[in-house]
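See below for the structure under consideration.
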Amino acid sequence: MVDVKYLRFLDVLYSTRRLSHTAEVLGQSAPTMSIWLGALRELTGDPLFVRTPAGMQPTPRVETMMPLVRSALAAMYALTREPDAFDPRAASRRFRVCLSDGAILTLLPRILALLRRRAPQVRLEAVKLDGNASSLLASGEADLSLGYIPTLETGFYQQALFDQSWVCLVSPEHPIIRSRFGVDLYAEAEHVDIPHGTGHAMLTAAMARHQVQRKVCVEIPVYLGLPAMISGSDLIATVPSLTGYTLAQMSGLDVHPCPVPIPPFTVMQYWHERFHLDPGNRWLRQLVHEVCADPGRAGAATLAV
């Protein structure tokens, strides 16, 4: 195995034809250059460079070696140099982001709007956030995950974006609920539930802690079905606040603070440490942070260990 310093030495000496100039370029002494040349002569069994009035002239062996030497140096440079910058105006990359259906409803439109302005040829693909998000991020099949993952595996970065509280969605024509909405009415009413996602476990735990038994009459898999279920009925849905206000704006539902205390949770963006320095991944994370982060809440990225 030839030391890289010897390859660099051969490249510079071949160009300068003088040991003294080679020493200056490499920041070494002239005696060191003589030692390196001697080591290479012993290794190859060839004089390599012969002293003449015109300088150190290469032997035919060196002439055949130089393309390989320079190719090796170029490969080493490519391995160690900084990765190419990500140019959003010219890039045609596809980013895959793991999202809950609530995030697809509330965050994805805002992210997409800014992305289309800044990176018109970049494609964004939403992947449903479920139990395999960690493996998708680790393998590179997904670039980011947005949501709430209470137990993060080793090797993942996370960055806080904003906090979510809990609200209740009801029809404006609800027969009982107007301005007064307490725990008793909440427990007496019938509910539509979305029993999926990591936040639902918090909701269930809070109900058990406060000894509130909800009367769930229907379960649906996604938030987008809530307006059709609630409008014109006496049903109640308990949902994260951003999802609730977004659905209310879209469909004219009323929003009330949940009368049962439920701890808020922090929406994060997650990525694997393998892609922490990837220019495209960094650009996407910065865009998501710009669009979604609460200035008073968002923090620096931390690595789970």
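Numbering (this note's numbering), first residue to last: 79 to 383.
For every residue, glycine included, the Cβ atom is placed at its ideal position computed from N, Cα and C.
- Counting only the Cα atoms, residue 82 lies some 35 Å from residue 349.
- Straight-line measurement puts the Cα of residue 108 at about 14 Å from the Cα of residue 88.
- Checking the DSSP bridge columns, you'll see residue 254 has no partner listed.
- Taking 4 residues as the shortest admissible run, the segment 87-147 contains the following complete alpha helix (DSSP H) segments, listed from N- to C-terminal end: 97-104, 108-122.
- It is roughly 28 Å from the alpha-carbon of residue 240 to the alpha-carbon of residue 307.
- Counting along the chain, residue 294 sits inside the beta strand (DSSP E) bounded by residues 293-297.
- Collapsing the DSSP output to three states places residue 173 in a strand.
- The distance from the Cβ of residue 242 to that of residue 380 is about 19 Å, inconsistent with a contact at the 8 Å cut-off.
- Straight through space, the alpha carbons of residue 86 and residue 151 are spaced by roughly 7 Å.
- Residue 316 has 246 as its beta-bridge partners, per DSSP.
- Unbroken beta strand (DSSP E) stretches of 3 residues or longer found wholly inside the segment 165-209: 172-177, 201-206, given in chain order.
- In the structure shown, residue 269 adopts extended strand secondary structure according to DSSP, grouped into three states.
- When secondary structure is reduced to three states using DSSP, residue 331 falls in the coil class, being assigned neither helix nor strand.
- The C-beta of residue 246 has 16 or more other C-beta atoms within 10 Å across all chains shown, which makes the residue buried.
- Listed as beta-bridge partners of residue 236 by DSSP are 348, 380.
- For residue 277, the enclosing alpha helix (DSSP H) starts and ends at 276-287.
- Where residue 213 is concerned, the enclosing alpha helix (DSSP H) starts and stops at 211-217.
- Assigned with DSSP and collapsed to three states, residue 309 falls in coil, not helix or strand.
- Exclusion of the five residues before and after residue 190 leaves 202 as the residues of its chain whose Cβ lies within less than 8 Å of its Cβ.
- Residue pairing for residue 241: DSSP places it in a beta bridge opposite 344.
- Relative to the Cα of residue 144, the nearest Cα in the group 133, 248, 127, 302 belongs to 127.
- Here residue 278 is exposed, its C-beta having fewer than 16 other C-beta atoms within 10 Å.
- Residue 224 has 177, 347 as its beta-bridge partners, per DSSP.
- An exposed status is given to residue 80, since fewer than 16 other beta-carbon atoms sit within 10 Å of its beta-carbon.
- The beta carbon of residue 154 lies closer than 7 Å to those of 82 in the same chain, with the five residues before and after it left out.
- A check of alpha carbon separations from residue 344 across 372, 354, 322, 136 identifies 372 as the nearest.
- Put simply, the segment 222-238 does not touch the segment 297-304. Fewer than three CB pairs are less than 8 Å apart.
- Here residue 215 is not near residue 177, since their CB atoms are 7 Å or more apart.
- Annotation for residue 357: the continuous alpha helix (DSSP H) segment containing it runs 357-370.
- When DSSP states are grouped into helix, strand and coil, residue 81 belongs to the coil group.
- The Cβ-Cβ distance between residue 270 and residue 248 does not fall below 7 Å.
- Exclusion of the five residues before and after residue 354 leaves 235 as the residues of its chain whose Cβ lies within less than 7 Å of its Cβ.
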